Amino acid sequence: MAKNDDITRREFVEGTAVAGAAAAIGPSFMASSAAASALSSVQIVDGASEVTLQVNGKPAAVTVDPHVTLLDALREKLQLTGTKKGCNQGGCGACTVWIDGERVNACMTLAIMQEGRSVTTIEGLSESDELHPLQAAFIENDAFQCGFCTSGQIMSAAKVIEAGAPETTDGLSEAMNGNICRCSAYPQIRAAIRDAAAGKG
Amino acid sequence: MQNFSYARPDTVDSALSLMADHQGAAFIAGGTDMLNRIRDGVSAPGLLIDISRLDLAKVSKDKKRLSIGALTTNTAIAENHIVASEFPLLRDALLSGASPQVRNMATAAGNILQSARCPYFRDVMSACNRRDPGSGCSAIGGTSRKLGVLGVSDQCIAVHGSDFAVALAALDGTVQTVRPGGERCSIKVEDLIRLPEDRPDEATMLAPDELILSIDVDRALAGFSSAYVKTRDRASFGYALVSAAVALTLDEGRVAQARIALGGVAPKPWRARGAEAALVGRAPTEDAIAEAAAQAIVGATPTEDNRYKVDLAARVLTRAIKEALA
Amino acid sequence: MSKLTTMKAGLARVDGLQKVRGQARYTGDIVLPRMAYVAFAGAKIASGRVRSIDTTRAEAARGVIAVYTHENTPRLPQPGGMREPIVALQGTRIHYADQFIAAVVAETPAAAEAGAALIEATYAEEAPVATFEAGLANAFEPEAWNAFRTPISLRGDPDAAYEESPQKIDLTVETAMRQHNPLEANTTVAQWRGDKLMIWNADQYIYETKEIAARAFEIPEEDVTVKVDFVGGGYGCKVGPWPHTMLTAQIAKLAGRPVKMVLSRRQMYSSAGHMPATRQHVRMGFESDGRLRAIIHESTSQGPTHDPQYCEWGAMPARYLYDCENVRTQHYVSPMHNGAPTTMRAPHEGAGIFGLDTALDMLAHRLEIDPVALRLRNIPPRDQHFDLPWSTNAQADVYRQGAEAFGWSARNPKPGARRENGELIGMGMASALRPNSKTTAHARVSINGDGEVIVASATSEIGTGTATALTIVAAEALGVSPDQVTVRIGDTSFPRAPYVAGSVTMNSVGSAVLIGARALKARLAQAAVAHEGAPLYGADPETLIAQDGALVDPADPRRRESLAAMARRAEGGGVSEVGTFEPAAATSSSRSLGAQFVEVRVDPLLGRIRVSRMLGAFAVGRVVSPKTARSQATGGMIWGVGEALMEKTELDPATARPVNASFLDNYVPVQGDVPEIDVLFVDDIDTDPNPLGSKSIGEVVSTGVAPAIANALYNATGVRVTSLPIRTETLLAQL
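Chains as they are written, first to last, in this note's numbering: chain A, 25 to 225; chain B, 12 to 337; chain C, 102 to 836.
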C-alpha cells in the first residue's frame with residue numbers, strides 16, 4: 025500500500041523528541057508507553073447522548089447523536105433559531121456564533137465537540153432589552169434586506185469591533201468577508217459597523 | 012451527514028490507541044474540512060476521534076526551529092508574534108485563506124491535510140479515482156478551469172487547496188508525527204501531500220494511525236524577504252486560481268537564497284526549484300525574474316479549460332518575487 | 102434637480118427590530134411538536150429511467166421513520182402551474198440530474214440527510230443533452246407568455262435597413278447559467294389537521310401555492326392555508342410552489358406528522374430554478390452620427406428538455422429601449438437536460454442589455470462619440486413596439502444626471518490611457534431597463550378603536566421592504582404616524598396578492614392599500630359628517646383632510662375628530678375596507694429606466710478586475726420608501742457585479758450534472774468585492790399606470806451593470822469581453 029519512496033522521504037526521529045514538539049505535547053505524551061491503562065476511561069459515544077453546553081450564559085442540555093451539528097442542536101433542539109442555516113458548508117457565515125468568545129460557523133462543528141463550551145448566539149448578544157449598538161446601527165443604516173444573514177453579520181461584526189475595526193474599507197471588508205449577504209447590503213453593513221465602532225449606533 | 016461514533020481522548024496516547032483499535036476511524040480537530048467530507052459522502056468514518064482538546068495548540072521556538080502545534084488555529088498562528096516577526100509569509104498565506112470564522116476553527120495540521128479541491132471529488136455521483144479508485148476521472152474532459160496543471164496524472168488533476176501549505180513548502184516546513192508505540196517521524200510538507208500518479212486515493216504519506224504533533228520551520232529561514240500573492244475569482248474567501256509564496260535573501264544586490272512554491276496549480280503545494288535556481292546568484296532583474304517565472308511552469312500539462320493557469324502562474328510568481336523584493 | 106440619496110434617510114424597516122434580534126421567523130425556524138424531517142435523494146443521471154431503488158440501508162439507519170420512492174408514493178393529480186412541471190416520486194423518468202428519486206423521513210435533519218445518502222439506485226441511462234451547443238440541434242421557437250413576452254417582433258424593414266446602414270455592429274454575446282442562491286434555501290413545513298392543510302413555505306407567491314396545493318390534494322381551497330413570516334431572499338426561485346412543496350405536504354399526510362424540508366445547497370441547483378444561459382446575436386445599423394437605423398437581435402435561451410414553457414427573452418430591450426424604426430427580435434430555446442429554469446433577478450432585459458449596450462459601446466468607440474451622448478441621441482419618443490406614448494420619459498435625465506453625479510466628464514475615451522499605481526482605470530456606462538409592471542392586487546385596510554391601522558394582504562416580505570413601504574402608504578393616506586400602522590402579510594387568509602416578483606408589489610399591492618385607505622377614509626368621513634353631535638357633523642365629506650390621526654375640516658380646522666373615535670362609534674368598534682387594484686387598459690406605455698456608471702481598476706499583470714466605484718441613476722416613479730428603495734438599488738447593482746464577474750453554474754459537458762453546486766465553488770460577491778455605491782432617483786412621478794405614482798424598482802437596478810462593467814473594462818484595457826462572467830483568463834488572453 026505504501027509507496028516505495030515513503031521511506032526515503034521520512035526522517036525517523038530518534039531520542040526524546042523534536043524540541044518544538046516536546047514543548048507542545050506536554051507530559052501526557054511523554055509518559056507514552058505507560059499510559060495504556062488509562063485508555064479504558066475514554067468513552068466511545070455511540071448513538072444519542074446528552075451534551076451540556078453553556079448557551080448564552082446558561083447551561084443547556086441537548087440529547088443528540090454524534091453527527092448533529094452545533095447549528096442543528098441550537099436550532100432544532102434549543103429552538104434558538106436566530107442562528108441561520110445558509111449553505112451548511114462553511115461558505116456563507118449565516119450561522120456565525122461565538123464559541124468561547126471566538127466567532128465560528130456553527131454548521132462546521134458538532135454539538136458533541138463543544139460539550140462544556142460557552143456558546144453565544146444572537147439571542148444572547150444583548151443581555152437586556154436594550155439593543156446592542158450594532159443592532160441599532162444595522163437598523164439605522166438599513167444593513168439588511170431579507171435579514172437572513174443578519175444574525176451572522178452582527179455576531180461577526182461584534183468581534184471585528186472588539187478587535188478594533190479596521191479603518192480602511194479594504195480592511196473592514198476583509199474582516200467581514202466570511203459573511204455573505206445575497207441581498208447585498210454590503211455598503212450599509214460597513215456603515216453600520218463604522219457607526220457602532222464609533223459609538224454612534 | 013452519516014452517523015458515526017465519537018470519542019474525545021484527552022491524551023495523544025489514548026488518541027493513538029483508539030485509532031489503532033478502530034479500523035475506519037478518523038481524527039477530527041477543527042472539523043472544517045472533515046465535516047464537509049462526511050456530509051458530501053466522500054468520507055465515512057465509523058468513529059471520529061476528537062483530538063481538538065489535546066494540548067497541541069502552542070507556538071514555540073528554540074534556537075533552531077519554530078514549532079507550531081498541530082492544533083493551533085489558523086487565526087492563532089496568524090496572530091502569533093513570533094510568526095509575524097520571523098515568518099510573515101506564513102501569516103500572509105493563512106490570512107489569504109478561507110474566512111475569519113473558518114480560520115478560528117481550522118487547525119494548522121488540518122489545513123495542510125485538507126482534502127483535494129475538485130468538484131468531482133466532492134460529488135459522489137461522479138467518477139473519481141481519488142475517492143473511488145478505478146472509477147475514472149470526470150474532471151479530465153469535464154469542467155476543469157480551477158484544476159491542476161502541474162504534477163497531475165491521467166488519473167487525477169485535482170489541486171490542493173491550502174495556502175498555508177504553499178508557504179510551508181517554500182520554507183521547507185516539516186510535520187512531526189507520531190504513531191502508536193511512539194514511533195516518530197519528520198516529513199517535509201512538500202512530500203507529505205502526494206502527487207496522484209497512479210494512486211490518487213493515497214493523498215498523503217501519513218499512515219492511517221499517524222498523528223501530526225507539530226509543524227516545524229527552520230529558523231535559519233527566518234527574516235527572509237517574502238510575499239504571498241493569490242488570485243481568485245473574487246476579492247476574498249475563495250480558493251486560489253494560482254498563488255505563489257516567495258522568500259528570499261539578497262547579498263550585495265544578488266539573490267543569495269530563494270524559496271518558491273506555487274499553489275492552486277498542482278495536487279500538492281508545488282515547490283518551484285527551477286525558479287529558485289534561476290534567481291540564485293543573480294541580480295533580480297526583469298530578465299532574471301522572467302526566467303524564474305518561466306522555469307516555474309516547466310512541465311505543465313494543462314487542459315483546454317485551465318491552460319490560462321500556466322501563464323497566470325508565471326504572472327503571479329513575477330508579482331510575488333517583485334513584492335518580496337520591494 | 103435630483104440629489105444623491107443617503108442610506109440613513111427614510112423610515113427604518115418596520116421589521117428591523119425582529120431581524121437584528123434574530124426574532125424574525127423564517128420557514129425553517131418553525132419547530133412543531135412531533136415534527137419530522139424530510140430529505141430527498143437525487144438521481145445520478147440526467148436522462149433515462151430509474152431501474153431499481155434499494156432503500157433497505159436507509160430504512161435501517163438510526164432515526165429514519167420512512168422512505169418514499171415512486172414505488173410507494175401515492176400518485177398526486179398533476180396540479181399544473183408550477184415552474185417545474187415534473188413532480189418527482191410519481192414515476193421512473195429522469196429529466197435532469199439530482200431529480201428526486203426518494204424522500205427520507207427521519208427524527209432529525211441529520212438523520213434524514215444521512216438516510217438520503219444511503220439510497221441506492223440503478224438506472225437505464227440515456228445520453229443527456231449536456232451542453233448549450235448540443236441543444237441547438239433541437240432548438241425551437243418558444244410560445245408567447247403574453248402580449249409582450251413573445252418570440253418574434255418585427256417593425257419596419259430591419260434587414261434592408263441594416264444592410265444599408267453606413268455603420269454596422271455585428272456581435273455575438275453570451276450570458277451564463279446562474280443560480281438565485283438565496284441564503285435561505287427553499288424550505289417547506291407542512292402539517293395536516295384532519296383534511297385541512299397548513300403549509301409554511303419560503304415563498305414569493307403564497308396564494309398560488311395555496312391554489313396549486315388545493316388542486317394537488319383535491320381539497321377545497323379554503324382548506325389550505327399557506328403562511329410565511331419572512332422569506333430569506335428569493336430573487337425569483339421561490340415564486341409559488343416547487344414539487345418539493347407538494348411532496349413535503351404529501352409526506353406529512355403519509356407520515357401523520359408535521360414535517361420540515363430544507364433543500365440542500367446542491368439541490369438548489371437543480372430543483373429550484375436557475376437563470377438559463379443565453380447566446381445573443383446582435384446586429385445594429387447606425388447612421389454616421391450614431392442614430393440607430395436597424396436592430397436585429399436574436400437570442401437563444403437554454404431550456405429544459407422536459408418543459409417548453411420557459412424562455413429567457415433576451416432580445417426584449419431592442420423593442421423598447423432605443424429609438425429605432427426597424428427592429429426584428431427573435432427568440433429560440435436550446436433544450437438541455439437540466440431542471441426547470443425560472444425568472445431570476447432581473448430576467449430578460451437583464452440578459453438582453455448586455456448585448457445591446459456592448460454593441461453601443463463598440464460603436465461609440467468607433468465613431469468617437471461619448472457613450473452618454475450616443476444614448477441621448479437614441480431616446481425613443483414613444484413606445485415604438487406598442488405604438489403608445491410614454492406615460493413619462495425621464496431617459497435623458499438618468500443619463501445626464503447620472504453622468505454629472507458620477508463625474509463622467511473625467512473619462513478619457515482612449516482605452517488604456519489612465520494608469521495609477523500600476524492599475525489601469527476605466528469608466529463605463531450602460532442603460533438599465535425593465536417594464537413598469539403591475540397586476541391585480543387586494544388589500545384590506547382597517548382601523549380599530551385605538552386608532553390602530555391594520556393593513557392585511559397575502560403578499561410576503563422577501564427583503565424588499567414591502568411591510569415598510571405599505572406602512573408608509575397607509576400612514577400617508579390616513580394621516581397617521583407610521584407607528585400606528587401594522588402591516589400583516591404572509592398569510593393566505595388575507596386578501597389575495599400577486600407574486601412578490603417582477604417588481605410588481607409596490608405598484609400593485611401598494612396601490613391596493615392606497616385605494617383601500619382612501620375608501621376607508623371616505624367611509625369614515627361619510628359616517629362622521631352624518632353623525633349628529635359629532636364634531637364634523639354636516640361638513641363636506643369630500644373636503645376633509647386626514648392628518649395627525651384625525652379628519653379635519655379645512656374650512657374650520659378646529660372642527661376635527663380622531664379616526665379612533667370614529668372607529669369606536671362604528672358597529673363592531675372598527676371599520677374596514679378592501680382596496681382592489683386592477684390595472685386599467687393601457688393608454689400609455691411605462692418603463693423603469695436607469696443608467697449605470699462604473700469605474701474599474703485592473704491589475705494588468707494578474708488580470709484582476711476590481712469595481713472601484715458605482716453610481717446608478719434611476720427613473721422609477723415616486724419613491725415611496727426612500728430607505729428600502731435605496732437598498733434595493735445598491736443590492737441590485739451588486740447583484741450585477743456578481744453577474745458580470747463571477748456567477749456561473751457549470752454543468753458537466755458529459756453528464757449534465759451541476760459541477761460547482763456549492764458556495765465553496767460557485768462564488769457570489771463578498772464584502773470585499775463591493776465599493777461604495779451612489780444612487781440617484783431622478784424625478785419621475787407617474788400616476789398614469791397606478792394611483793401611487795410608483796414604478797418597478799427591484800429589478801431595473803440590476804440591469805445594465807454587466808455591460809457597464811464590461812465597457813469600463815474596455816475603457817481601462819482595450820479588451821472587449823463578450824461573454825459573462827468576465828474571467829481572469831478571458832482578460833489575460835487579450836491583454
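A virtual CB, placed ideally from N, CA and C, is assigned to each residue, including glycine. Note that the structure is predicted; figures quoted are calculated from it, not measured.
Around residue 137 (chain B), the beta-carbon contacts reaching into chain C at under 9 Å are 145, 753, 756, 758, 760.
Sequence-distant partners of residue 166 (chain A) (beyond 5 residues in either direction) whose C-beta falls short of 6 Å from its own C-beta, in its chain, are 212. At a cut-off of 9 Å between beta carbons, residue 132 (chain B) makes no contact with chain A. Shown here for residue 785 (chain C): same chain residues with a beta carbon closer than 6 Å to its own, the five before and five after excluded, namely 493, 495, 720, 722 in chain order. Sixteen is the threshold: when 16 or more other Cβ atoms of the shown chains lie within 10 Å of the Cβ of residue 343 (chain C), as they do, the residue is buried. Per DSSP, reduced to three states, the secondary structure at residue 119 (chain B) is helical. Think of a sphere of 7 Å around the beta carbon of residue 136 (chain A): the chain B residues whose beta carbon falls inside it are 17, in chain order. The closest CA to that of residue 114 (chain A), considering only C:404, C:790, C:820, C:763, is found on C:763. For residue 143 (chain A), no Cβ of chain B is located within less than 9 Å of the residue's own Cβ. The Cβ-Cβ distance between residue 12 (chain B) and residue 121 (chain B) does not fall below 9 Å. Pairing residue 197 (chain B) with residue 35 (chain A) gives a Cβ-Cβ distance under 9 Å. Classified as exposed, residue 253 (chain C) has fewer than 16 neighbouring CB atoms from the shown chains inside 10 Å of its CB. Between the alpha carbons of residue 66 (chain A) and residue 18 (chain B) lies a gap of roughly 7 Å. Residue nearest to residue 448 (chain C) within the set C:427, C:525, C:378 is C:378 (criterion: CA-CA distance). Between residue 308 (chain B) and residue 324 (chain B), the CB-CB gap stays under 9 Å. For the 9 Å CB-CB criterion, residue 127 (chain C) and residue 210 (chain C) do not form a contact.
For a Cβ distance threshold of 7 Å, residue set 120, 121 of chain C lies close to residue 174 (chain A), ordered along the chain.
Taking CB atoms only, residue 517 (chain C) has no neighbour in chain B less than 9 Å away. Of all C-beta pairs linking the segment 162 to 176 of chain C to the segment 388 to 399 of chain C, fewer than three are shorter than 8 Å, placing the two stretches out of contact. A contact is defined here as three or more CB-CB pairs under 8 Å, and the segment 723 to 740 of chain C fails this definition with respect to the segment 257 to 271 of chain C. Under the DSSP assignment, residue 427 (chain C) falls in the beta strand (DSSP E) whose first and last residues are 427 to 437. For residue 112 (chain A), no alpha helix (DSSP H) encloses it, and the DSSP letter there is neither H nor E. Counted as a single uninterrupted DSSP element, the beta strand (DSSP E) harbouring residue 682 (chain C) occupies residues 675 to 682. In this structure residue 452 (chain C) is not in contact with residue 374 (chain C), their Cβ atoms being roughly 15 Å apart against a cut-off of 8 Å. For the set B:141, B:172, B:189, the Cα lying nearest the Cα of residue 213 (chain B) is the one of B:141. At least one CB of chain A lies nearer than 9 Å to the CB of residue 116 (chain C).
Per DSSP, reduced to three states, the secondary structure at residue 235 (chain B) is coil, with no helix or strand assignment. Counting every other CB atom within 10 Å of its CB across the protein chains shown gives residue 208 (chain A) a total of 16 or more, marking it as buried.
A residue is called buried once 16 or more other Cβ atoms fall within 10 Å of its Cβ, and residue 467 (chain C), having fewer, is exposed. Boundaries of the alpha helix (DSSP H) around residue 739 (chain C): 727 to 746. A straight line joining the alpha-carbon of residue 66 (chain B) with that of residue 225 (chain B) spans about 11 Å. In the structure shown, residue 96 (chain B) falls within a helical segment according to DSSP collapsed to helix, strand and coil. Annotation: the continuous alpha helix (DSSP H) that includes residue 347 (chain C) extends over 344 to 356. For residue 167 (chain B), no Cβ of chain A is located within less than 9 Å of the residue's own Cβ. One Cα belongs to residue 206 (chain C), the other to residue 793 (chain C), and the distance between them is close to 48 Å. Judged by DSSP secondary structure, residue 129 (chain A) falls outside any alpha helix (DSSP H) and instead within the beta strand (DSSP E) spanning 126 to 129.
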